[in-house]
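What follows is a set of notes on a single structure, which appears directly below.
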Amino acid sequence: MTDYLAGAASSQSGFDRPPILIAGDSDAALQRAARTVEACGLRIADSVDIEAALERIDRQAAASALWIELDDDRGAPMDRLLDHVNRDVAHGRYPAIVAAPSKLIDAIEARLGDGGIALVVDGDEADRTAALAVALSTAGRPDRLSDVASDQNATRLRQLSDEVSRIASTLARLSTGPASSPRLTEMPPVSGDLPQVSAETVRNVIQARRLRARYFDENMFADPAWDMLLDLLQAELTQLRVPVSSLCIAASVPATTALRWLKTMTQQGIFERRADPHDGRRVFVELAPQASQALRRYFADIGQPAVV
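Residue numbers for the sequence shown follow the working numbering, so the first one is 104 and each next one is one higher.
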């Protein structure tokens, strides 16, 4: 296959840079994607239905990125396109962004895995513009679509990475007890007897955290990493499986933000993804063994939770 989206290495800017190729599952989706691309001052190579996208990609000589806009689950054609694009992005052939509603999270995440495709869920125009800016900036371009959007989003991503590193370090320390000094983000193997933790105890902590939103703006307490950790521990204790969409809800932040946390914490070895053996269009998330051990020791150390 030719390097049809090789424009990512170009130093051109504005209307001189290669255009964006758009694929969508409806006229409304294509128009919505076009508005985002044009608002960034970029040209559009073509707008095609997802069923024609693979053939159109093969014919595209050069483009800055591929934007996929979805409204509904289009089944096999959508799966084939996402699989193809996921492989291309993993090989560094071009950056890609998928914009979709929350109802498609599981179907899309089952195809994307831990690849580099940016997924924007129920995003506003700022989220969409930032995703496009970051996608192009990470493709090796010295110039950017929108310096403000890209810089702000890059700062948020750096903060997220720093926070996850801190969480991994804390979990590593908890998993071996207060006397150990593990490396920053490398958790030691599970050893020794694990403390018994009640699922009811974890459930009560989760419920108490949710009750805060009854009295205060819930944005004051946004802590997606901890909320996801608690949800996965409760699921583990009750022997339940947690799909990506459910974990995003448990994070109590916008789905796009939750997905960034999920991806980063998976890369850090705190979470693990498991394919659903009965449904190829769904993946489950669970705690890595060392993270599970650390959380159990945490609850054993604090006893009856008094702080949520």
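Think of the CB as a built atom: it goes at the ideal place given N, C-alpha and C, for glycine as much as any other residue. Please read these numbers as outputs of a predicted model, since none were measured by experiment.
| query | result |
| --- | --- |
| Pull the bridge partners of Glu172 from the DSSP assignment, please. | Gly127, Ala202 |
| Can you name the start and end residues of the beta strand (DSSP E) that Arg377 belongs to? | 374-378 |
| Return the CA-CA distance between Gln163 and Gly219, expressed in angstroms with no decimal places. | 21 Å |
| Is the separation between the beta-carbon of Gly383 and that of Ala213 shorter than 8 Å? | yes |
| Three or more C-beta pairs closer than 8 Å, one from the segment 334-347 and one from the segment 373-392: is that the case here? | yes |
| What does DSSP give as the partner residue(s) for Glu389 in the beta ladder? | Glu375 |
| Would Glu334 pass as a contact of Ile309 if the rule is Cβ separation under 8 Å? | It is Asp, not Glu, that sits at residue 334 in the sequence shown. Taking 8 Å as the Cβ cut-off, Asp334 and Ile309 qualify as a contacting pair. |
| What are the boundary residues of the beta strand (DSSP E) that includes Val300? | Unbroken run through Val300: none, as it is neither H nor E. |
| Could you check the C-alpha separation between Ser395 and Val305 for me, to the nearest Å? | 13 Å |
| Please check the pair Ala136 and Glu158, which I expect to be a contact at CB under 8 Å, by giving their CB distance rounded to whole angstroms. | Not really, about 19 Å apart at Cβ, beyond 8 Å. |
| I need the straight-line Cα distance from Leu204 to Thr232, nearest angstrom please. | According to the sequence provided, residue 204 is Pro. The question's Leu does not apply to it. Cα-Cα distance, rounded: 16 Å. |
| Tell me the rounded alpha-carbon separation between Pro122 and Ala238. | 14 Å |
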